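*Asks:* Residue numbers (mature numbering (1 follows the signal peptide of the UniProt record, and there is no 0)): -25 to -1, 1 to 446.
Where is the CB? At the ideal position from N, CA and C, for every residue including glycine.
Keep in mind the model is a prediction, meaning the values are calculated, not measured.
Structure in structure tokens, see below.
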Amino acid sequence: MAKLFPKLVSFIAVLLLCQFGYVVCQSTNSSDSPQLPEDEAKALDELMTTLRWNTSQQISRSSCDDKGISCSWSYDQNSTVYHVTGLHLSSRELKGQIDAEALASLVHLEQIDLSSNQLHGSIPVAMGNLRSLTSLDLSYNQLDGSIPFTLGNLSSLTYLDLSDNQLHGSIPDFTMGNLSSLTYLDLSYNQLDGSIPDVTMGNLRSLNYLRLSRNFLDGSIPSSLGNLSSLRYLILWYNMLSGEIPKELGTLSHLRSMVLGFNELTGQLPPELGRLGSLYALELSSNNLTGELPENYANFTLGQLEIFSVAGNRLTGKVPRFIANWTELSYLFLSGNDFEGELPLEPLFNMSKLERLYVSDVRSSTGFPFPEYANMTAIRYLVIRNCSISGEIPRYIGDWSSLKYLDLSFNNLTGGIPDSMKKLKLSKMFLTGNMLNGTVPSWVTDNIEDKANSIRDLKDKCQGKPKCKLY
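Set out below in structure tokens:
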């Protein structure tokens, strides 16, 4: 009886873990009392101990489906055992480490979710022994060390999220290419360096989500990414990537978002990107891109483009009128380039879904006024700075009730501030560097939330007095 007592305790403990959602277990027989194998029960106990699971936490006694907790079982006349198949321990205030030896004994695991805890230490190499694993989420922890090359053994893996940790080293070029079933890969917000493995990434043919942002990756963007025919999201911003944008990316017909901003990319915008008819967001800001916007980008009219950003590059030529034909566009960022000529304000100001428009530093030898009419009623942030606009501030701006931020500074505007604008609830307004005259209306100090910063330029011209002439 003394020998049976420890086994009985282990069985009861694991049964409670399965019942209340700490783990997911699978049964393989209904005729006999199910038992977890002794080595598996011991491994689970050790793993939970090293994870520092708080056993005093209140446990819901509702069904396994409560709050995402799930249990599953099947029946097989040849077996009478349970197996641990899933760990769903997200946001449980775990502060320990992942026990490598214990984990290696839980070979039937199919899903591991330890995200949003405070786990530290490295990812065990033994993780690569879990050949049945389909989903691994270790995101939002404090894990360090390198990515184990053994993860390449997980040929059934479809979901891998190691983001928001402190992982360093390179992306193993001999690992990820073996994960042919992988559909989701997120390694962002770590300290990874080196280049993006060319052949490795190009072999992930099932991938539809790739996020490597906020690392220290350098080198060029692999042209082999054009082989990922199922890819829908490509997010590589905030790295140190250089070279040109591969034209092969223009073959990704299912791509919804291409986010390559805040790198060191050079060269011209590939015309091939104009083929991306499913594109929702194209974010290329803060690089060193040159040349003009390709004419065939007018084809985005046929898609659902809502975000277009090329701010902070060295693009030249005129801002093309075809942008106004992107009827679904909500965010347009063109500032900080070397554009020249007259802005197509008339069509731009009739984009009814546009919420943010940022344009700056457009050179023009003649200047040009605001259009007589406008229908940009959804606009919330309007920045047209240093663009050689002349004439008066139009009264219709006062009809844009959603407007929160207005910057028309460093143009050639004349006249005063329209009284119609007193209806607005602006957080900031910048009008400095113009040729405005008249007095500062009293409503300016009443209606602007950030008074100290927003009307500083007006007060400076008035020697600290809000009501005075604007010169």
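Is it buried or exposed for Thr341, if we count other Cβ within 10 angstroms and need 16 for buried?
*Replies:* Counting from 1 along the sequence shown, the entry for residue 341 is found at position 366. Under this definition Thr341 is an exposed residue.
*Asks:* Express the C-alpha separation of Ile359 and Asp313 in angstroms, rounding to a whole number.
*Replies:* Numbered from 1 along the sequence shown, position 338 holds the residue referred to as residue 313. Numbered from 1 along the sequence shown, position 384 holds the residue referred to as residue 359. The alpha-carbon atoms of Asp313 and Ile359 are separated by roughly 14 Å.
*Asks:* Cβ of Tyr380 within 7 Å of Cβ of Lys403?
*Replies:* Counted from its first residue, the sequence shown places residue 380 at position 405. Counted from its first residue, the sequence shown places residue 403 at position 428. In this structure, Lys403 lies closer than 7 Å to Tyr380 by Cβ.
*Asks:* What does the alpha-carbon distance come out to for the pair Leu137 and Leu64?
*Replies:* As a working mapping, residue 137 is identified with position 162 in the sequence shown. As a working mapping, residue 64 is identified with position 89 in the sequence shown. Rounded to whole angstroms, Leu137 to Leu64 spans 15 Å at the Cα level.
*Asks:* Tell me the DSSP secondary structure of Met102 in three-state form.
*Replies:* Here residue 102 refers to the residue found at position 127 of the sequence shown. Helix, per DSSP.
*Asks:* Is Ile298 helix, strand or coil when you go by DSSP?
*Replies:* Start at 1 with the first residue of the sequence shown, and residue 298 comes out as number 323. Reduced to three states, the DSSP call for Ile298 is helix.
*Asks:* Using DSSP with H/G/I as helix, E/B as strand and the rest coil, what is Asp112?
*Replies:* Translated into the one-based positions of the sequence shown, residue 112 becomes position 137. Asp112 falls in the strand class under three-state DSSP.
*Asks:* Does DSSP put Phe385 in a helix, in a strand, or in coil?
*Replies:* Within the sequence shown, the letter at position 410 stands for residue 385. It is coil, neither helix nor strand.
*Asks:* Identify, in the order they occur along the chain, each residue of the same chain with its Cβ nearer than 7 Å to the Cβ of Asn271, setting aside the five sequence neighbours on each side.
*Replies:* Position 296 of the sequence shown, counting from 1, holds the residue named residue 271. So the qualifying residues of the chain are Pro246, Gly249.
*Asks:* What separation, rounded to the nearest whole angstrom, lies between the Cα atoms of Asn202 and Leu182?
*Replies:* Counted from its first residue, the sequence shown places residue 202 at position 227. Counted from its first residue, the sequence shown places residue 182 at position 207. Their backbone Cα atoms lie some 10 Å apart in a straight line.
*Asks:* Determine the DSSP secondary structure at Leu320, reduced to helix, strand or coil.
*Replies:* Translated into the one-based positions of the sequence shown, residue 320 becomes position 345. Reduced to three states, the DSSP call for Leu320 is helix.
*Asks:* Which same chain residues, not among the five before or five after Ser6, have their C-beta less than 6 Å away from its C-beta?
*Replies:* One-based indexing of the sequence shown puts residue 6 at position 31. Residue placement at Ser6 is poorly supported in this model, since its pLDDT is 43, which falls under 50; the coordinates are not used for a value here.
*Asks:* Is Arg338 helix, strand or coil by DSSP?
*Replies:* Walking along the sequence shown from the start, residue 338 turns up at place 363. It is a strand residue.
*Asks:* Can you find the residues in the same chain that come closer than 6 Å, C-beta to C-beta, to Val234, ignoring five residues on each side of it along the sequence?
*Replies:* The residue labelled residue 234 in the question sits at position 259 within the sequence shown. Closer than 6 Å at the Cβ level, and outside the excluded window around Val234, lie Ile210, Trp212, Glu258.
*Asks:* Quick check on Ile210: does DSSP put it in helix, strand or coil?
*Replies:* The count along the sequence shown starts at 1 and reaches residue 210 at position 235. Three-state DSSP puts Ile210 in a strand.
*Asks:* Using three-state DSSP, classify Glu303 as helix, strand or coil.
*Replies:* Mapped onto the sequence shown, residue 303 falls at position 328. In the structure shown, Glu303 sits in coil (DSSP, three-state: anything other than H, G, I, E or B).
*Asks:* Count the C-beta pairs between the region 278 to 297 and the region 260 to 269 that are closer than 8 Å, then say yes if the count reaches three, no if not.
*Replies:* As far as the Cβ criterion goes, the region 278 to 297 touches the region 260 to 269, which means the pair count is three or higher.
*Asks:* Exposed or buried, what is Arg180 when buried is set at 16 or more other beta-carbons lying within 10 Å of its beta-carbon?
*Replies:* Residue numbering aside, residue 180 sits at position 205 when the sequence shown is read from its first letter. Looking at its Cβ environment, which holds fewer than 16 other Cβ atoms inside 10 Å, Arg180 is exposed.
*Asks:* Which same chain residues, not among the five before or five after Phe237, have their C-beta less than 6 Å away from its C-beta?
*Replies:* For the purposes of this step, residue 237 is taken as the residue at position 262 of the sequence shown. These residues qualify, in order along the chain: Trp212, Tyr213, Ser261.
*Asks:* Mapping DSSP to helix, strand and coil, what is Ile364?
*Replies:* Position 389 of the sequence shown, counted from the start, is the residue given in the question as residue 364. Secondary structure of Ile364 (DSSP, three-state): strand.
*Asks:* What is the residue span of the beta strand (DSSP E) that Glu258 lies within?
*Replies:* Translated into positions along the sequence shown, residue 258 becomes position 283. That run of the beta strand (DSSP E) goes 256 to 258.
*Asks:* By Cβ distance, which residues of its chain are closer than 7 Å to Met326, with the 5 residues on each side in sequence left out?
*Replies:* Start at 1 with the first residue of the sequence shown, and residue 326 comes out as number 351. Here the set comprises Ala299, Leu304, Met351.
*Asks:* Can you tell me whether Leu277 is buried or exposed? The criterion is at least 16 other CB atoms within 10 Å of its CB, across all chains shown.
*Replies:* To locate residue 277, count along the sequence shown from 1; it is residue 302. So Leu277 ends up on the exposed side.
*Asks:* Once you ignore the five residues that flank Met102 on each side, which residues in its own chain have a CB closer than 7 Å to its CB?
*Replies:* Within the sequence shown, numbered from 1, the residue matching residue 102 stands at position 127. Same-chain partners within the cutoff: Leu78, Pro123, Thr125, Leu126.
*Asks:* Given Glu330, which residues of its chain have a CB within under 8 Å of its CB, disregarding the five upstream and five downstream residues?
*Replies:* The residue labelled residue 330 in the question sits at position 355 within the sequence shown. Within the same chain, Glu330 has close Cβ partners Ser305, Tyr306, Ala353, Ile354, Arg355, Tyr356, Ser377.
*Asks:* In three-state terms, what does DSSP make of Glu315?
*Replies:* The residue you call residue 315 lines up with position 340 of the sequence shown. Looking at Glu315 - three-state DSSP - the assignment turns out to be strand.
*Asks:* Give the range of the beta strand (DSSP E) segment to which Lys70 is assigned.
*Replies:* Here residue 70 refers to the residue found at position 95 when the sequence shown is read from its first residue. For Lys70, there is no enclosing beta strand (DSSP E), as DSSP marks it with neither H nor E.
*Asks:* In terms of residue numbering, what span does the beta strand (DSSP E) encompassing Leu179 cover?
*Replies:* As a position in the sequence shown, residue 179 is number 204, starting the count at 1. It is not in any beta strand (DSSP E) - Leu179 carries neither H nor E in the DSSP assignment.
*Asks:* Going by DSSP in three states, Ser217 sits in which element: helix, strand or coil?
*Replies:* One-based indexing of the sequence shown puts residue 217 at position 242. The answer is strand: DSSP assigns Ser217 an E or B state.
*Asks:* Just how far apart, CA to CA, sit Ile98 and Gln72?
*Replies:* Walking along the sequence shown from the start, residue 98 turns up at place 123. Walking along the sequence shown from the start, residue 72 turns up at place 97. Straight-line Cα distance between these residues: approximately 9 Å.
*Asks:* Tell me which same chain residues have a C-beta within less than 7 Å of the C-beta of Pro322, skipping the five on either side of it?
*Replies:* Position 347 of the sequence shown, counted from the first residue, corresponds to residue 322. Only Arg296, Ala299 meet the Cβ criterion.
*Asks:* Within 10 angstroms of the Cβ of Asn412, are there 16 or more other Cβ atoms? Answer buried if so, exposed if not.
*Replies:* Locating residue 412 in the sequence shown gives position 437, counting from the first residue. Exposed, since its Cβ has fewer than 16 Cβ neighbours within 10 Å.
*Asks:* To the nearest angstrom, how far is the alpha carbon of Asn422 from that of Arg338?
*Replies:* For this step, residue 422 is matched to residue 447 along the sequence shown. For this step, residue 338 is matched to residue 363 along the sequence shown. Straight-line spacing of the CA atoms in Asn422 and Arg338 works out to 33 Å.
*Asks:* Among the candidates Ser91, Leu105, Ser130, whose CA atom is the shortest distance from the CA of Gln117?
*Replies:* Position 142 of the sequence shown, counted from the start, is the residue given in the question as residue 117. Nearest of Ser91, Leu105, Ser130 to Gln117, Cα basis: Ser91.
*Asks:* Let me know if Glu68 comes out buried or exposed under the rule of 16 or more other beta-carbons within 10 Å of its beta-carbon.
*Replies:* The residue labelled residue 68 in the question sits at position 93 within the sequence shown. Exposed, since its Cβ has fewer than 16 Cβ neighbours within 10 Å.
*Asks:* Does the separation of the CB atoms of Asp119 and Gln141 fall below 7 Å?
*Replies:* As a first step, residue 119 is located in the sequence shown; it is residue number 144 there, counting from the start. As a first step, residue 141 is located in the sequence shown; it is residue number 166 there, counting from the start. The beta carbons of Asp119 and Gln141 sit closer together than 7 Å.
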